[in-house]
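Following: one structure in structure tokens, then a few remarks.
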Amino acid sequence: MNEPRRRTRTPLATVLSWSYALILGAPLYYLVVSALKSNIEIFTRPFSLPANWLWENFGTAWQTADLGRALFNSVLVSLVAVALTLGLAVPAAYALARTDNRLARVITGTFSAGFLIPPFAALIPTVVLAIEMGLYGTREFQMLFLPASALPLSVLLLTQFMRTVPQALVESAALDGAGHWRLLTQVFVPIAMPGVVSVTILQLLTFWNEYLFSLTITGTGPDVRTVQVALPTLVSDATNLGVLAAGTVLTVLPVYVVYSIMNRRMQEALTAGAVKG
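Numbered per this note's numbering, the sequence shown spans residues 14 to 290.
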């Protein structure tokens, strides 16, 4: 047997890889070192290590913006919203993937039309809906609204992944007595797992970074506001930029931890999706 060829990295590829890593890493480095500096040092020595390591900037940001409660709200809203999104999108994608008729095409087109509506255009109707439901200024409405806004992309992506399931495998499982629930959980979801992971990570990042509707609907109350709404409270006429940078690091850190944990799984999902596509 012939041994598989090992891919050799050319000098150009190495240079481009390190250049790309530098482009991504430089802003992160600047943010972290700025979080440990005073205003004067941020302007006079922007990329150098701090002369005096001001670790107290993190404590000041944590207390001033009440980031502990804001982080809890963001985690709660994001996790519940992701769970609801998957709970609705997975069965919908399964139904569309298994159906090929005019009604299915109309429903798919309806989901596609969701991309044509800019988020700010739905702001006023959403506020009115929240008021009519008596949920204005609550986390609960945010948990319901975010999945609704994420369904078009989630359903379309998962539908494409589920359409890659071999028909022979579906027929074999059906002959063994598998109903729709077993087909979904034991055949379609395992094969489409790269798509499920991709949608989970994509929507988790989207929900975590959502600002406009969080500010307008959930509001700025310390009990309900998310980290994206709490962070701007550190800005004033006499802003301590080191404290602001420290607060930013604290809000980015959970997302970075999740990405680090799921990094390999996400790469596998994106690679599988690219091959299947």
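We put the CB at the ideal spot given by N, CA and C, even for glycine.
In this text the structure is predicted, and so the values were computed from the model without any measurement.
Measuring only the C-alpha atoms, how far is residue i from residue j?
| i | j | result |
| --- | --- | --- |
| Thr177 | Trp221 | 30 Å |
| Ala117 | Ala74 | 51 Å |
| Arg111 | Ala243 | 44 Å |
| Thr98 | Val168 | 9 Å |
| Leu136 | Leu217 | 21 Å |
| Trp66 | Thr252 | 19 Å |
| Ser87 | Gln76 | 17 Å |
| Thr121 | Ile144 | 30 Å |
| Val240 | Gly260 | 9 Å |
| Gln199 | Asp189 | 12 Å |
| Ala26 | Leu35 | 14 Å |
| Lys289 | Asn52 | A caution first: Lys289 carries a pLDDT of 47, below 50, which makes its placement in the model too unreliable to give a value. |
| Ser227 | Ala39 | 30 Å |
| Leu41 | Thr57 | 19 Å |
| Pro63 | Leu254 | 14 Å |
| Asp113 | Val212 | 23 Å |
| Ile130 | Glu69 | 44 Å |
| Glu223 | Thr233 | 14 Å |
| Val119 | Pro245 | 43 Å |
| Gly150 | Tyr272 | 30 Å |
| Gln173 | Pro138 | 31 Å |
| Val28 | Pro267 | 31 Å |
| Pro179 | Leu37 | 39 Å |
| Ala191 | Val103 | 18 Å |
| Val45 | Thr219 | 23 Å |
| His193 | Val265 | 40 Å |
| Ser249 | Leu142 | 33 Å |
Can you tell me whether residue i is buried or exposed, with buried defined as 16 or more other CB within 10 angstroms of its CB?
| i | result |
| --- | --- |
| Tyr33 | exposed |
| Leu170 | buried |
| Ile274 | exposed |
| Arg152 | buried |
| Val270 | exposed |
| Arg238 | buried |
| Phe124 | buried |
| Ile214 | buried |
| Pro24 | exposed |
| Ser30 | exposed |
| Gly208 | buried |
| Ser162 | buried |
Kindly list the residues whose CB is nearer than 7 Å to the CB of residue i, restricted to its own chain and excluding five residues on each side of it in sequence; keep chain order.
| i | result |
| --- | --- |
| Met175 | Ala106, Tyr107, Ala110, Phe201, Ala205 |
| Tyr43 | Pro59, Phe60 |
| Val183 | Leu196, Val200 |
To the nearest whole angstrom, what separates the beta carbons of residue i and residue j, a pair I think is in contact under 8 Å?
| i | j | result |
| --- | --- | --- |
| Phe85 | Leu263 | Not a contact, Cβ separation roughly 13 Å. |
| Ile55 | Ser47 | 5 Å |
| Leu247 | Ala96 | Going by Cβ atoms, the distance from Leu247 to Ala96 rounds to 31 Å, so no, they are not a contact pair. |
| Leu49 | Phe133 | Going by Cβ atoms, the distance from Leu49 to Phe133 rounds to 37 Å, so no, they are not a contact pair. |
| Thr229 | Val140 | 6 Å |
| Leu101 | Pro160 | 6 Å |
| Pro235 | Arg82 | 6 Å |
Kindly list the residues whose CB is nearer than 6 Å to the CB of residue i, restricted to its own chain and excluding five residues on each side of it in sequence; keep chain order.
| i | result |
| --- | --- |
| Leu148 | Phe154 |
| Phe158 | none |
| Met156 | Val90, Val93, Ala94 |
| Gly127 | Pro165 |
| Leu257 | Leu247 |
By Cβ distance, which residues of its chain are closer than 8 Å to residue i, with the 5 residues on each side in sequence left out?
| i | result |
| --- | --- |
| Ala181 | none |
| Ala186 | Arg195, Leu196, Gln199, Val200 |
| Met146 | Phe154 |
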